[in-house]
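Trainee: Take this structure first; my questions come after.
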Amino acid sequence: MEDKFGRLEERKRMVERLKEELNISDRVARAMLKVPRHLFVPPQYSSEAYFDYPLPIGRGQTISAPHMVAIMCELLDLKPGHNVLEVGGGSGYHAAVVAELVGKDGRVVMVERIPELAERAEKTLRELGYDNVIVVVGDGSEGCEEFAPYDRIYVTAAAPSIPEPLVEQLKPGGKMVIPIGDAIQELYVVEKDWSGELRKKRWGSVRFVPLVGKHGFRF
Ligand code: SAM
Numbered sequence: 006m007e008d009k010f011g012r013l014e015e016r017k018r019m020v021e022r023l024k025e026e027l028n029i030s031d032r033v034a035r036a037m038l039k040v041p042r043h044l045f046v047p048p049q050y051s052s053e054a055y056f057d058y059p060l061p062i063g064r065g066q067t068i069s070a071p072h073m074v075a076i077m078c079e080l081l082d083l084k085p086g087h088n089v090l091e092v093g094g095g096s097g098y099h100a101a102v103v104a105e106l107v108g109k110d111g112r113v114v115m116v117e118r119i120p121e122l123a124e125r126a127e128k129t130l131r132e133l134g135y136d137n138v139i140v141v142v143g144d145g146s147e148g149c150e151e152f153a154p155y156d157r158i159y160v161t162a163a164a165p166s167i168p169e170p171l172v173e174q175l176k177p178g179g180k181m182v183i184p185i186g187d188a189i190q191e192l193y194v195v196e197k198d199w200s201g202e203l204r205k206k207r208w209g210s211v212r213f214v215p216l217v218g219k220h221g222f223r224f
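Next comes the structure, spelled out in structure tokens:
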């Protein structure tokens, strides 16, 4: 059986592999099964869209590997209705998966600093009907005050430390997933308790492009 986007069998195989290797939940598996990753990658990489590695999306940036998207979604514990901030939206693929998980009553605000990538992501997301994703061009290390506060924040570029504006824009009881470091990077899950205190847990080593901006690395 095919769906309207095509390549459903390849998507099924990708999700089955992720389930076997990472034991991902049915909710995340269903969301990833719905999103046609091949429409988020440049045409020359389309044939590799369902392999489990990052791919170039232009301007020296990458779409994250499917296993990283799955892991971050699990760590975020996304619920229907959540208001979510993504810093480093890139192709828009990860935002689409999160949009599936938060549903029509939820919202994803995706901030991308490179206008060309943001424009392409917005076009893809609109064509696929992801009306609950807002695409913003800007420095996501400053968050996005306009739509704050957020139930969940995730950063898909490695920061030198946790940017203070992101802490401020996270709701009490909220969660943030963020890679920290330069040559050596660790993924952290940061929880803000009801008194505003932060609890940080290290998940493990990762490899992301750098977060470039006021509260990121400056080049
Ligand atoms: N999640 C993306 C996807 O699904 O395609 C992949 C993101 S890619 C690994 C990281 C992205 O972060 C790049 O597109 C890069 O331009 C962006 N980025 C880096 N620093 C940023 C900043 N300060 N604000 C917003 N985006 C930033």
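One gets this note's numbering by counting positions in the sequence shown from 1 and adding 5 to each. Note that beta-carbon positions come from the ideal geometry of N, C-alpha and C, so glycine has one too.
#1: Go to R18, then tell me how far its alpha helix (DSSP H) extends in each direction, as first and last residue.
#2: Out of R118, K109, F152, S166, which one is the CA nearest neighbour of D136?
#3: Quick test of the definition: if touching needs 3 or more C-beta pairs under 8 Å, does the segment 141–155 touch the segment 78–90?
#4: Going by DSSP, which residues form a beta bridge with P165?
#5: Taking its Cβ as the centre, do 16 or more other Cβ atoms sit within 10 Å of Q49, making it buried, or is it exposed?
#6: Quick one: residues in its chain with C-beta nearer than 8 Å to the C-beta of D198, no 5 flanking neighbours on either side, listed in chain order?
#7: If you pair each beta-carbon of the segment 47–64 with each one of the segment 184–199, do three or more pairs fall below 8 Å?
#8: Considering D31, what are the terminal residues of the alpha helix (DSSP H) in which it resides?
#9: So if DSSP puts F45 in a beta bridge, which residue, or which two residues, is it bridged to?
#10: Give the DSSP-derived three-state secondary structure of P61 in the structure shown.
#11: Identify whether I119 lies in helix, strand or coil by the three-state DSSP scheme.
#12: Within its chain, find whatever has a CB closer than 8 Å to the CB of S96; leave out the 5 residues flanking it on each side and keep chain order.
#13: By Cβ distance below 7 Å, which residues in the same chain neighbour G94 in space, the five residues on each side in sequence not counted?
#14: Over the uninterrupted beta strand (DSSP E) stretch that includes L90, give me the two end residues.
#15: Distance, Cα to Cα, P184 vs K206?
Mentor: In terms of the structure at hand:
#1: In the DSSP assignment, R18 falls within the unbroken alpha helix (DSSP H) covering 13–27.
#2: K109
#3: yes
#4: Note: P165 sits in no beta bridge, so no partner.
#5: Of the other Cβ atoms in all chains shown, fewer than 16 fall within 10 Å of the Cβ of Q49; this residue is therefore exposed.
#6: These residues qualify, in order along the chain: P177, G178, R204.
#7: no
#8: Residue range 31–39 is occupied by the alpha helix (DSSP H) that includes D31.
#9: Answer is none; F45 lacks a bridge partner.
#10: strand
#11: coil
#12: Counting only Cβ-Cβ distances below 8 Å, and skipping sequence neighbours, we find F45, V46, I62, I68, L122, R125, A126, T129.
#13: A100, M115, V116, E117, A123, A126, V140
#14: 88–92
#15: Each residue's Cα considered, the two are about 11 Å apart.
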